[in-house]
Each structure stands twice: as C-alpha cells, then as structure tokens.
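Accompanying notes for the structure given below.
There are 2 protein chains.
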Amino acid sequence: MPVFLDTRDADFEAEFVKLLSAKREESEDVNDAVGKIIADVRARGDAALCELTAHFDRLELSPEGLALSRAEVDAEVEKVTPEDRSALEHAAQRIRAYHVRQMPQDVEWTDPEGARLGWRFTPVAAAGLYVPGGLASYPSSLLMNAIPAKVAGVERLAICVPTPDGVINPLVMLAARLSGVDEIYRVGGAQAIAALAYGTETIPAVDKITGPGNAYVAAAKRRVFGRVGIDMIAGPSEILVIADGDNDPDWVALDLLSQAEHDESAQSILLTTDPEFGQAVARAVEARLETLDRRKIAGAAWRDFGAVITVRDLEEAAVLSDRVAPEHLELCVEDPKTLSERIRHAGAIFLGRWTPEAIGDYVGGPNHVLPTARSARFSSGLSVLDFLKRTTLAEMTPEALKAIGPSAERLAHAESLQAHGLSVTARLEQLNREG
Amino acid sequence: MPVFLDTRDADFEAEFVKLLSAKREESEDVNDAVGKIIADVRARGDAALCELTAHFDRLELSPEGLALSRAEVDAEVEKVTPEDRSALEHAAQRIRAYHVRQMPQDVEWTDPEGARLGWRFTPVAAAGLYVPGGLASYPSSLLMNAIPAKVAGVERLAICVPTPDGVINPLVMLAARLSGVDEIYRVGGAQAIAALAYGTETIPAVDKITGPGNAYVAAAKRRVFGRVGIDMIAGPSEILVIADGDNDPDWVALDLLSQAEHDESAQSILLTTDPEFGQAVARAVEARLETLDRRKIAGAAWRDFGAVITVRDLEEAAVLSDRVAPEHLELCVEDPKTLSERIRHAGAIFLGRWTPEAIGDYVGGPNHVLPTARSARFSSGLSVLDFLKRTTLAEMTPEALKAIGPSAERLAHAESLQAHGLSVTARLEQLNREG
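Chains as they are written, first to last, in our numbering: chain A, 1 to 435; chain B, 1001 to 1435.
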C-alpha cells in the first residue's frame, strides 16, 4: 500500500518530510571497476573494446566490426513495420518542431559608452549518445537526445549501443536514421563512455556525451566529466499528479502507473482536494495492477514509494508540489493554466485531463530527458542549449576604452593585479599622447 | 623561456600536441578530508562550523557571529575610498546591463495538430556564492557571480567568505551590497560548501552553489553536486592572443602577463603571423617581468606554460586557436570581426587592439567566469541561465489527443511500456464513445 496522508493531520509535516527524503536508489559501488575499464580503453583502445564486448555482451568482434555498416543498418531498418515507422516519424517530426524553436539568437549591440558587446552561439563539434541495450533500449530516448544535437548543428553525432548476443533493436536503428546520427558503434557500458571520451583507433573522441545508462555508465560519465561535457545523471522516474474530484480515477491511476512501471524505484504521488477521489484512484491502481505485464515492477514502486495526499485546496497542492520539484507534473484540474502559473519547480508540466504524461514521453514535442530527485529546483530538461555553447564578445574603441578603462585600472589595483591594470594603462597613455 | 614554435617546422604537430596536453595542475587529493568535513557539518551544524573556523581561520565565533550584521557590513563599506567605490559601481552597472539582456523569453504556441506547447523560465529559489578569502578575495568575482543571480530573480542570495584572523575585505562587502546579496557568512572552505548544501541552524540550505575556491572548495562542490546545482569547476586562467605584426609588443606582452600573474599554472599563448613580432613580444615580457610585483608567479607561468607560435596566416591561427579552445581569446588584428567569425571554440573573445582582456575582468560587461582547460569545446561562461531553469509545457485538447495519441500508443507498445499506452488508450476510448 502507498502512504495516505492528509495535510490536516497533526503528523503531516513529519510524514511529508519522510516522503521527500526517502532514499529510493541504492547506488551500486562500481567506481573501482569503472576506473579500471576506462584505464584499459585508454591504454589499449580497440583491442580493449573488443575484449570487454566479448566479456560483457557475449559478442566476438574485430575492430572492423565495432561500427555498424550502412548495409547492416539498412537491413535492420527494413524489419520495422510500416505502423511503427510511421509512429516514429510522427514523433521525430514533432520533437524536431519543438526543439527548433529553442535555438537562441546571437546578439550584438553598442552600448552608451561606445563598447561593442554581444554573444554568439556555436554548436559542440562532436557529440556521443549512449543508448542502453536490452530491455531499456528505447528508440524514443534516442530521438530525444539526437534531435536536439542535430538541431543545434552538431556535425558529428556518434551513438554507442550495446548489442548483447549480437541482438540489434531495429526501431533504435530507425530512430538513429531519422535523427541523422552519423556513426553507430555496438559497444556499451563504461567501455563505450571511455571510447567516446578518449577516442580509440576506430572511435574518434567526442566533446560531449549524453544519454541514460546503468550504474556503470553513470559512474563512467561522472569520471570523464571535465575531459568532455556530460548531461545530467538521471535518477528513477517520478510523476506527481494534482487532481480535483472531477476526473476519471482510472485515467489518473494509469498515469501514476505509467511512471511506476519504469522502475521499482520510481515514485508516483497524487495530490487531490477530494479524499474520496484519492481512494478511488488507489482502488483503480490495484485493479489495473492485476492485468499489467509489468505489475511486479509497477506494484513495488507504488507500494514502496507511492503516496496519495489530501490537500485543503489547490494553492496548498502547488506549495507541496514545489517542495517535491517533480520530474513530471500533471495538472488534472478545471483551470490548469492558472494552477501552472503557481508552480515554480517542475521538469515538465502536463496541463489538463487530456494530457497524459505518456504523450510527453513520445510525441508531445518537449524533451523527455528531465531532472529527477528534486533537481528541478536548479536544473532543466535536455534542450538544444546542451549542444551549444555561448562565446561572449567585447570590442572597445579608443573612446570606449577612455570611458571605462580607468575603472578597470582602479579595480585591478585594488585586487593587486598589476599587469591587468598596466595592460589598460599602456593603451590609455598612447591615447593621451595622441591627445 | 616559453616554447617558440613555427607551424612550418617538421615537428610542429608533435610539439603542439604536447602543449595542448600539458598537465598544468596537480590536483591535491583532499577528497577524504573533505568528506569528513562535510559529514561533520551535516551531523553537528553550527557547532562544527565554529570549530572548523577556529581551526582553519584562527577565528573564534559563536553561532550568532556566523552571519555578519548589517552594522558590521556598513562599517566595512565605509572604509572604501570614493574612487574605489565609484569604479566598483561603474563595473556593477555595466555587468548588470549586459546580463539583463540575457534574460530568456517564455514561449507558448499552438501547433498544427492543436497541441498547446511552450516553456517557461523560473529562477532558482536560493543560491549560495563562495567568495575566497585572503589573497584571492576578488570583489570583481563577487559581482560576476551575484549580479547574474539577482538579474535572474533569485530571492535568497547568500555568500560565504572566510575571514582569516577576522580580516574582512571592505571592497568585497561593498560588492555584496551593490549586487543585492541577502546574507553574508564568515565561513570558508569545505565547511562553507557543506553548510550551503545541507543547511545548519543558522545557514539555511540553498539550491545552487557557484563561485571559485581552492582544492577543498572544489572537491566539496563536486561532492554536493546532485544535492544542489553547482557551476563549473574552474581551472587555471588562460589567454590566447592572435596578433599580426602591426601591434605594440608591450601591449601584447602585458595582456599575456595579465593572465600569467594569476597563477603559476596559468597559460599565455601568442599566435602571430610575424615571427619578428613574436620575438619582440617575448622580449617585452621579460622587460615587464623585471618590475612586476607578481613577477615570481607570472614568470613561472610564462616560463613553464607560455608559447609563441608563428603561423602562416590568420586562417591557420583560427584553426589552432579552436584546438586550444581558450578561456580568453584576443584578436589583435586589422579586421577582428571577420576573424572572430572563424572562431568556433572560445569562452570570451576580445576584438581589436583596444580591447585588453583585463577590460573583460572588470568592466566590459560580459562575465569573467569562463570555461578553462579546453572546456570551451562544450561549455559556456556563467550567465543568468545558470540561475534559471526551464519547465516545459504541454496541453492536449481532445482533438490534439486524437491526432497524436495513436502514435504514442504505438511507440509505448513497441517499448513494452503498457501503462504508458493505456493512459492514452483510456482517454481515446472515451472520445470514441462520445463520437
């Protein structure tokens, strides 16, 4: 059973804090193992990759076989049914349309003191995406990582996807094709991250690595951070639904289960103004759990981390939601727009009863790579900005330097950075000589 | 002596790679010590902070003395000379004017399938800035961190600044006042980072921590990352100057020295089309080194990591500069704008002979917190975006769900995520029943 709370209960605050601080994930300590794998790949390159792939994925490769050929990809793509292809194309098109709007503008202006200022965005030159293999091999994740990279203008986009026992996921290959991926390597785990970060004879190093993965992949990303850029380290999925009593309990139950089915550590929370509705949703969850294929996973997540909280009003719901800072927030209420304007911390908001969170996982358009574990307090979902960097621009004229240089000299002196000051002084002296 | 290279030399590529991969910083292994300090502050709060401050800063405090009072700050601010105050106000005003332009727009639109989409930015609720004490206590750094936070709308902005032996830097206090800092604590080191991340009785926890610091501070920031957001971990300063022969060698020498004087690990590189000019700059550096207060530091950095490289033309200079991806790039050439458009990877560009890098450290307007150690390949300087996060928005109408829901159902099925699919199916069935 999930916890049932009511904000009017005397012990509510203590129980809510307990819910917020519940440790949902035991992080496996794989740091030493990962350190060894990275060192091995740095030292021996392709040879290490092939040995590690034989060991972990039971797949014998020569260095020439690390990259999938165009013909191999073609052959896989042909296995995709027309219906699946059409759905994936629909998703890719909508994700692209959303992310194209995120492209920022370069700006330049001349300010009142005559300085020419601005900034300019340029894409990361080469990016690598990790795509998990096996059960969690999601073509939708590939679209969500690769499309922003290509919209940003990344020239070289490589993916690493393990193919345990040589099994390739055709829909992942189609997703790579649709998003314009340039290179596909059948390597996984920490060895794939090491190859992307340091390069091998076959796999040139990239500048930025994104994408989800298991504990080994996450630990490897943390270790290579600094050498290359990385995206966030994603934790288990979360959904928080704010609902009034005027909803179909089964719909909300399915929305809660759609995150619970990801992972036994996932968290699904319902905040409702109507305690009877809360009970009805809990019953609907139990009913749906009986027939779900992933009932073991979803049931464990719901039982261990689920919560149904009765609130006094929607204002209180917004305050509690901000304390959770959920990855996904559904507003199943009469006026979702007004309520959404009260929310300060959430990765993605789904407005109204007709917007199940699952729409956002596939075809809504916004990115489904979102901050978890309360990190929506300080971070955002993946976007084209993750594949761009900003260079600031400044150009002084002699007049601008005359106007602002003396303040720089003064502050350099105050900070005891003499050469800083002199680099301005030398130029100002020349201007004074010229009159 | 710095290295002198010429791209026409047979061994140039090998020498350039050596320069690129020079390890400039020995990272002190303070991880265990930092782990203990963080655990201590988490366990004992203010009491631990006071003990650690007595130990490291030779300053006896009671918990009530951790925060500086308004009167204490006032007293320090009054010590600042009118000239210094005016320079700092000038800098603050220019930095604010630049960063205000970075505020991103919220966007919403309805797409052709009837979905209402968009995103919205909200500020981080509480941020903490670390300000080093002692020699590297720079009021300019405080402005560069605090002003973007306040422009972004951060409500609660706390700074931690160690005051060894009780010595407070009046100009730092004025910078805090000018930037609208809300709370000032006289604690430093890993203990300050622990307090900001986890909170103590006196110091409430924040959501994001930025600002430079020594090895302990950097290690502590890495450790609390995830619990809170952090900015980059800054490495030693770097400058790369691209210059034609038509420059005053002394100006360029001072620009190179203005980074070299920061740190013995700093790096200053000159790329020039004119080998004689390169020699003249090297001579000017030696001449200036004789009279600089920080000649020991600047001399070591120039000798160990400096380089003068003769290039065939500016095109070649741009290519080499991109391989370095410098923190600061000066373009001392006839047509800096055209050359700047060739550059892909740099933290900040200073265009033309009248724009010494030091202008950017203080009063140019752009931020001086910039990516080091080649990380301009994938990251950007500090900006208001570091204190904002983006929440994506999606709202389906029944019609929009009819149009795009079936693709979500299909992909959920392909990914074996049944509840995801059913959450869409349940709603579509209702629409079908309604006809």
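Built from N, CA and C at the ideal position, the CB exists for glycine as well.
Using a CB distance cut-off of 9 Å, residue 395 of chain A counts as an interface residue toward chain B. Within chain A, 354 have C-beta atoms less than 7 Å from the C-beta of residue 1398 of chain B, given in sequence order.
With respect to chain A, the C-beta atom of residue 1305 of chain B has no partner C-beta closer than 9 Å. From the beta-carbon of residue 427 of chain A, the residues of chain B found nearer than 7 Å are 1251, 1354, 1356. When the Cα atoms are used, residue 166 of chain A and residue 1157 of chain B turn out to be separated by approximately 53 Å. Excluding sequence positions up to five before and after residue 261 of chain A, its CB lies within less than 7 Å of the CB of 292, 294, 297, 298, all in the same chain and listed in chain order.
Within the DSSP bridge table, the entry for residue 1203 of chain B names no partner. Going by beta carbons, residue 1318 of chain B and residue 1342 of chain B fall inside the 9 Å limit.
Rounded to the nearest whole angstrom, the CA to CA distance from residue 1142 of chain B to residue 1125 of chain B is 19 Å. Contact between the stretch 1164–1181 of chain B and the stretch 1196–1203 of chain B is absent: fewer than three C-beta pairs spanning the two stretches fall below 8 Å.
Taking residue 85 of chain A as the centre and dropping the five residues before and after it, the same chain places the C-beta of 174 closer than 7 Å to its C-beta, in chain order. The alpha-carbon separation between residue 420 of chain A and residue 1330 of chain B amounts to approximately 14 Å. For residue 78 of chain A, there are no CB contacts under 7 Å within the same chain when 5 residues up- and downstream are skipped. Apart from the 5 residues on each side of it in sequence, residue 1170 of chain B sits with its Cβ closer than 6 Å to the Cβ of 1076, 1079, 1080 in its chain, given in chain order. A direct Cα-Cα distance of roughly 32 Å separates residue 1031 of chain B from residue 390 of chain A. Under the three-state reduction of DSSP output, residue 1023 of chain B falls in the coil class, being neither helix nor strand. Considering only beta carbons, no part of the stretch 153–165 of chain A lies closer than 9 Å to chain B.
B:1398 is the residue among B:1364, B:1040, B:1398 whose C-alpha sits nearest the C-alpha of residue 1427 of chain B. Using a Cβ distance threshold of 9 Å, residue 95 of chain A and residue 128 of chain A do not count as a contacting pair. Of all C-beta pairs linking the stretch 234–241 of chain A to the stretch 266–276 of chain A, three or more are shorter than 8 Å, placing the two stretches in contact. The three-state secondary structure of residue 1006 of chain B, taken from DSSP, is strand. Counting only the Cα atoms, residue 305 of chain A lies some 7 Å from residue 2 of chain A. As summarised for the stretch 1118–1142 of chain B, the continuous beta strand (DSSP E) elements at least 3 residues long and confined to that stretch are 1126–1130, given in chain order. No residue range can be given for residue 115 of chain A, since it is assigned to no beta strand (DSSP E) and is classified by DSSP as neither H nor E. In this structure, residue 1107 of chain B keeps its C-beta atom at 9 Å or more from the C-beta atom of residue 116 of chain A. Bounds of the beta strand (DSSP E) holding residue 329 of chain A are 328–332. Using a CB distance cut-off of 9 Å, residue 31 of chain A does not count as an interface residue toward chain B. Non-local beta-carbon contacts of residue 1005 of chain B in its own chain, meaning distances under 8 Å to residues more than five positions away in sequence, involve 1012, 1015, 1016, 1019, 1307, 1308, 1309, 1310 in chain order.
With a threshold of 9 Å between beta carbons, residue 102 of chain A makes contact with chain B.
Between residue 163 of chain A and residue 134 of chain A, the alpha-carbon positions lie close to 7 Å from each other. Around residue 431 of chain A, the same chain offers 398, 401, 402 as residues with beta carbons nearer than 8 Å, after the five sequence neighbours per side are excluded. Looking from the CA of residue 1215 of chain B, the closest CA among B:1034, B:1150, B:1338 belongs to B:1034. Listed in chain order, the non-local C-beta contacts of residue 1301 of chain B below 6 Å within the same chain comprise 1260, 1264, 1266, local neighbours out to five positions each way being set aside.
With respect to chain B, the C-beta atom of residue 185 of chain A has no partner C-beta closer than 9 Å. DSSP, read as helix, strand or coil, puts residue 16 of chain A in helix. Beta-bridge annotation (DSSP): residue 395 of chain A is paired with A:116, B:1351.
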